[in-house]
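Chemist:
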DNA sequence: AACCCGGGGGT
DNA sequence: ACCCCAGGGTT
C-alpha cells in the first residue's frame, strides 16, 4: 500500500481545518440531533444513520425520542415496542443491539455513556465509526469517525487510490484523520467532513466550485473527482421464491408468526411463508397440514411482491386461505384479529400485504 | 478477509 | 438496473 504520509505533510493543516470548520458553521443542516448533542442523542442518531439516509432518519429519530427520551426509558422498554418504533427503518439488529448496550450503560455505568474508546467500543453495536462519532461530537475528543462520506472526501483530497471497500483503507484514513483533526473543535471537524460528503463532495457530480477544500484537493487538481474513490463492486443478489399465506379462521382472525430470534429480520412478525424451492406449489396444502396441523382451502392469489434486500431478493406470491379443519400445532404462530395484529412489528415486505387482509 | 444484515432514494 | 447511504457482527 502506498505511504500517504508525504501527502499529509504537504497539506496546510491549519488552513484545512479553518476552511472546513468555517464552512460547516455556515452551511450545516439544522438536524434534530444537533439541537442538543448529548451522548445519548448522538448515539441514537448515529445508530439510525448507519446505512440510512438523513431524510429517512429524521421522523424515526423524533418518534424514538418522544417514546424513549432517556437511556433509562429505553433500557426499561419492551423489545417489541422498540422494534415497533424501528419498523420500516431496516437493519433491525441495530435496534436490539442499541437497547442491549443502553441496558449495559444503565447497569454498569450508572446511566452515563462512557467517554473513552475502550468502554464505548465494547458496547454492542458500537463499532469504530460510532465510537469516534460519540467521542468527537458529544465529548469533543479528537478521535476519527470515518464513514462512507469521510472515506470519499479523504480519498479525493489525498488522491487515495486504494479500494475503499477494504478494511485496510478505512484504517489508513483513520490514521490520516488522527493527524489532521482539529484539537480545538473535533466535533465540527468530523461533522464538517461528513456534511461536505453529503452536500458537496457527493458520489456523483460533486460540486467542486462550492467546496471549501478545493485548494487542498489532489483529485480536483488532477481532474479525478469523478474517478475517485475506487470501490470494488459487490456481487448481485440471489432470488428466492416463496408462497405467503393469509390464513383466516372461522372467527375471521389471521395467522401470524414471530420470526426466529437470530438471523434475517429477527423477532419481527410475518404471515406464514413457504419456500417454493423446498416445497412444490402443488403440494402446499398437504405440506401445511403436516407442519401446522390445519386443513386449508386455498382461495385465490391476492398479490405478488418483489422485495429487494442488500443480499437477496424475495419473490412473494401471496394467497388468501381459509381454515377448514384441524388444530394449530405448538409454536406455529397465533391467530389475531386486525386491531391486535397491527400492533406488532412487521418487515416492510409483509406490511405491504396487510391491505389485502 | 468475506459474508451477512433492510430499506429507500437517486440517476 | 445499478449505486449509494453518518456500519457492525459473525465466522
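In the UniProt record's numbering, the protein residues as written are 1 to 357.
Positions of the beta carbon are idealized from the N, C-alpha and C atoms, including for glycine.
Model, not experiment: these values are computed from the prediction.
1. Just tell me which of 349, 344 and 352 has its CA closest to the CA of residue 78.
2. For residue 298, name the three-state secondary structure that DSSP assigns.
3. Considering only residues of the same chain and omitting the five flanking positions on each side of residue 244, which have a CB-CB separation below 6 Å?
4. Pairing CB atoms from the region 34-43 with CB atoms from the region 201-219, are three or more of them under 8 Å?
5. For the beta strand (DSSP E) containing residue 240, name the first residue and the last one.
6. Determine whether the beta carbon atoms of residue 195 and residue 16 lie at a separation below 8 Å.
7. Inspect the CB distances between the region 249-258 and the region 184-193 and report whether three or more fall short of 8 Å.
8. Taking the straight line between their C-alpha atoms, what separation do you get for residue 212 and residue 129?
9. Would you mind working out which of 18, 268 and 70 sits nearest residue 110, comparing C-alpha positions?
10. Could you tell me which whole alpha helix (DSSP H) segments of length 4 or greater appear in the region 204-285?
11. Residue 94 and residue 164 - do their beta-carbons sit closer together than 8 Å?
12. I'd like to check one pair, residue 349 with residue 229: are the Cβ atoms closer than 8 Å?
13. CB residue 57 to CB residue 198, shorter than 8 Å?
14. Rounded to a whole number of angstroms, what is the C-alpha to C-alpha distance between residue 279 and residue 116?
15. Which residue from 176, 269 and 143 puts its Cα closest to that of residue 352?
16. Quick one: which unbroken alpha helix (DSSP H) runs of 4-plus residues sit fully inside the UniProt domain "HhH-GPD" (48-199)? Chain order, please.
17. Buried or exposed for residue 356, please, with buried defined as at least 16 other CB atoms from any protein chain shown within 10 angstroms of its CB.
18. My guess is that residue 106 and residue 75 are in contact by the Cβ rule of under 8 Å, so how many angstroms apart are they, rounded?
19. Going by C-alpha to C-alpha distance, which of 239, 172 and 158 sits closest to residue 11?
20. Output the boundary residues of the alpha helix (DSSP H) element that contains residue 15.
21. Tell whether a beta-carbon distance below 8 Å holds between residue 126 and residue 145.
22. Considering only residues of the same chain and omitting the five flanking positions on each side of residue 80, which have a CB-CB separation below 8 Å?
23. What residues are listed by DSSP as bridge partners for residue 315?
24. For residue 65, does the count of other Cβ atoms within 10 angstroms reach 16, so buried, or fall short, so exposed?
25. For residue 236, which of 169, 313, 173 and 291 has the nearest alpha-carbon?
26. Rounded to the nearest angstrom, what separates residue 397 and residue 27 at their Cα positions?
27. For a quick check, are the C-beta atoms of residue 91 and residue 265 less than 8 Å apart?
28. Closer than 7 Å by C-beta to residue 311: which residues in its own chain qualify, once you throw out the five before and the five after it? Chain order, please.
29. From residue 337 to residue 296, what distance separates their C-alpha atoms?
30. State the CB to CB distance for the pair residue 320 and residue 299, rounded to an integer number of angstroms; the pair is presumed to be in contact (CB under 8 Å).
31. Which same chain residues, not among the five before or five after residue 131, have their C-beta less than 7 Å away from its C-beta?
Modeler: Taking the geometry as given:
1. Taking only the C-alpha atoms, the option nearest residue 78 is 344.
2. In this structure, residue 298 counts as strand in the three-state DSSP scheme.
3. The residues 271, 273, 316 and 318, in chain order, have a CB closer than 6 Å to that of residue 244 in the same chain once the five nearest residues on each side in sequence are set aside.
4. With a cut-off of 8 Å, the region 201-219 and the region 34-43 do not count as touching, because too few Cβ pairs lie within range.
5. Per DSSP, residue 240 is one residue of the beta strand (DSSP E) stretching across 238-248.
6. In this structure, residue 195 lies away from residue 16, with their beta-carbon atoms at least 8 Å apart.
7. Contact fails between the region 249-258 and the region 184-193, because fewer than three Cβ pairs, one in each stretch, are under 8 Å apart.
8. Across the structure, residue 212 and residue 129 are spaced so that their CA atoms are roughly 24 Å apart.
9. Considering only alpha carbons, the answer is 70.
10. Listed in chain order, the complete alpha helix (DSSP H) runs (minimum 4 residues) inside the region 204-285 are 218-221.
11. Result no, Cβ atoms of residue 164 and residue 94 do not sit closer than 8 Å.
12. The Cβ atoms of residue 229 and residue 349 lie no closer than 8 Å to each other.
13. Not closer than 8 Å, so no.
14. In this structure, the alpha-carbon of residue 279 lies about 52 Å from that of residue 116.
15. When C-alpha distances from residue 352 are compared across 176, 269 and 143, the shortest belongs to 269.
16. Runs found: 54-67, 71-76, 79-86, 93-108, 117-121, 128-133, 148-157, 167-180 and 186-199.
17. By the neighbour-count definition (other C-beta atoms within 10 Å, threshold 16), residue 356 is an exposed residue.
18. That pair is a contact at about 4 Å.
19. Of 239, 172 and 158, the residue nearest in Cα terms is 158.
20. Run containing residue 15: 13-27, per the alpha helix (DSSP H) assignment.
21. Going by C-beta atoms, residue 126 is not nearer than 8 Å to residue 145.
22. Here the set comprises 267, 344 and 345.
23. Beta-bridge analysis with DSSP links residue 315 to 241 and 306.
24. Residue 65 comes out buried.
25. Among 169, 313, 173 and 291, the Cα nearest to that of residue 236 is on 313.
26. Since the displayed the chain opens at 1 and closes at 357, residue 397 lies outside it and no answer follows.
27. Taking 8 Å as the Cβ cut-off, residue 91 and residue 265 do not qualify as a contacting pair.
28. Closer than 7 Å at the Cβ level, and outside the excluded window around residue 311, lie 237.
29. Cα-Cα distance, rounded: 18 Å.
30. About 4 Å separates the CB atoms of residue 320 and residue 299; that is less than 8 Å, so the two are in contact.
31. Same-chain partners within the cutoff: 117, 120 and 121.
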